[in-house]
Amino acid sequence: MAAFCRDHAVTLLAYGALLGGLLSEKYLGRPEPTRPELNTASLQKYKNMIDAWGGWSLFQELLGVLKSIADKYRVSIANVGARYVLDRPAVAGVIIGARLGVAQHITDNAQVFGFALDADDLTAIETVLAKSRDLVRMIGDCGDEYR
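94 is the number of the first residue of the sequence shown in my numbering; add one for each residue after it.
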C-alpha cells in the first residue's frame, strides 16, 4: 500500500499504531494478559494481532528494544512507536486514541516531534520485526471486522 500511495501522491493516517495502549511501558515485562484484563474490544483485537504477528514473547522483545530507544531520548515507548510509524513512507499522520477522563497523554504525545530515530534505532527495531509473521499475508489488507 505504501508504494501505491507514494506513486499516486496519496498519504495515510495511521490508526492503531499504539495498539490501544499495549505498546507502552504499562505492558513491558508483564505476563501475557488474560481476556478479562483486556477490558475493551479494541484491546482484545490488538492482542489478537499480537498473537498472529508473533506472540507475547516477541512482543516483549519489541517493547524492550523500544524502551532502550525511549530511554536514549528520554521519551516513552509510545513516542518511539509513533515516531517509527510517522517515518514510514506515505504516512502523513498517526491517529492517537484517547479516552476522555481516563487516558489522554497530551503532553507525552507531543514529545514525538522532539526527536528523530537514527540508523542504529531503526536497525534494532527492524531486527525484531524481521522475526515476526507477515500480517498482510496472513489476514489480508484488513481485519475481519472490516470485511
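Every residue gets a Cβ at the ideal spot worked out from N, C-alpha and C, and that includes glycine.
Just so you know, these numbers come straight off a predicted model, no measurement behind them.
Three-state class that DSSP yields for residue i in the structure shown
| i | result |
| --- | --- |
| Ala134 | helix |
| Leu159 | helix |
| Ala107 | strand |
| Pro126 | coil |
| Tyr217 | Checking the displayed sequence, the identity of residue 217 turns out to be Ala instead of Tyr. Three-state result, Ala217: helix. |
| Asp227 | coil |
| Gly148 | coil |
| Ala222 | First, the amino acid is wrong: residue 222 is Leu here, not Ala. Of the three classes helix, strand and coil, the one that applies to Leu222 here is helix, per DSSP. |
| Ala95 | helix |
| Ala212 | helix |
| Leu112 | helix |
With 16 other Cβ atoms within 10 Å as the buried cut-off, status of residue i
| i | result |
| --- | --- |
| Tyr139 | buried |
| Asn172 | buried |
| Ser117 | buried |
| Gly207 | exposed |
| Val205 | buried |
| Phe97 | exposed |
| Val103 | exposed |
Nearest-angstrom beta carbon gap, residue j and residue i [assumed within contact, 8 Å]
| i | j | result |
| --- | --- | --- |
| Asp201 | Ser169 | 5 Å |
| Ile188 | Tyr108 | 5 Å |
| Ala95 | Arg181 | 6 Å |
| Glu154 | Val221 | 5 Å |
| Tyr177 | Leu228 | Not really, about 16 Å apart at Cβ, beyond 8 Å. |
| Val115 | Leu136 | Checking the sequence, you will find Leu at residue 115 rather than Val. Yes, Leu115 and Leu136 are in contact; Cβ-Cβ is about 7 Å, under 8 Å. |
Beta-carbon gap between residue i and residue j smaller than 7 Å
| i | j | result |
| --- | --- | --- |
| Val184 | Leu112 | no |
| Ser225 | Gly148 | no |
| Ala217 | Ala175 | no |
| Leu156 | Leu179 | no |
| Phe152 | Ile143 | yes |
TODO: Enumerate, from N- to C-terminal direction, the unbroken beta strand (DSSP E) stretches of 3 or more residues contained entirely within the region 161-207.
DONE: 184-188
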